[in-house]
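K.L.:
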Amino acid sequence: MLIEDATAWASCLPADFSTRLSLEKVQAVLLAAWETAADLLPAATTQDATQMHWAGAPTVELRLSAEDPHDRPQPGLGTMIDLSPLGPTAAC
Numbered sequence: 001m002l003i004e005d006a007t008a009w010a011s012c013l014p015a016d017f018s019t020r021l022s023l024e025k026v027q028a029v030l031l032a033a034w035e036t037a038a039d040l041l042p043a044a045t046t047q048d049a050t051q052m053h054w055a056g057a058p059t060v061e062l063r064l065s066a067e068d069p070h071d072r073p074q075p076g077l078g079t080m081i082d083l084s085p086l087g088p089t090a091a092c
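No gaps in the numbering here: position 29 of the sequence shown is 29 in the numbering used here, and each next residue is one more.
1. Among Gly56, Leu40, Glu24, whose alpha-carbon lies nearest the alpha-carbon of Asp100?
2. What first and last residue would you give for the alpha helix (DSSP H) that runs through Pro42?
3. Suppose contacts are defined by Cβ-Cβ distances below 8 Å. Is Ala44 in contact with Val60 by that definition?
4. Mapping the DSSP letters down to three states, classify Leu62 as helix, strand or coil.
5. Pairs of beta-carbons, one from the region 73-88 and one from the region 20-34, closer than 8 Å: are there three or more?
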């Protein structure tokens, strides 16, 4: 999921909705991505998965990041995801 313009996204939502995602929504997105990469894509590429010969162990990488173009300060991930259920953060 890529949100290129948070302001445009917010303008499409009702006034009482937040653009910050809950941990539950993030978990649902990651689960759907995992299922797609680990189950659906391999099944779509072969008729019989038992006949597949892997060149190496399959890997799947899921990543969360908050990024902006290089000429702007990068926001923290907590600006896009409500991380408060994880508890207080430590300043580094």
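We treat Cβ as the ideally placed atom computed from N, Cα and C, and that holds for glycine.
P.N.:
Put simply:
1. In the structure as shown, the chain begins at 1 and stops at 92. Residue 100 is therefore absent and cannot be evaluated.
2. 41-45
3. No, the pair does not count as a contact, with Cβ atoms beyond the cut-off.
4. coil
5. yes
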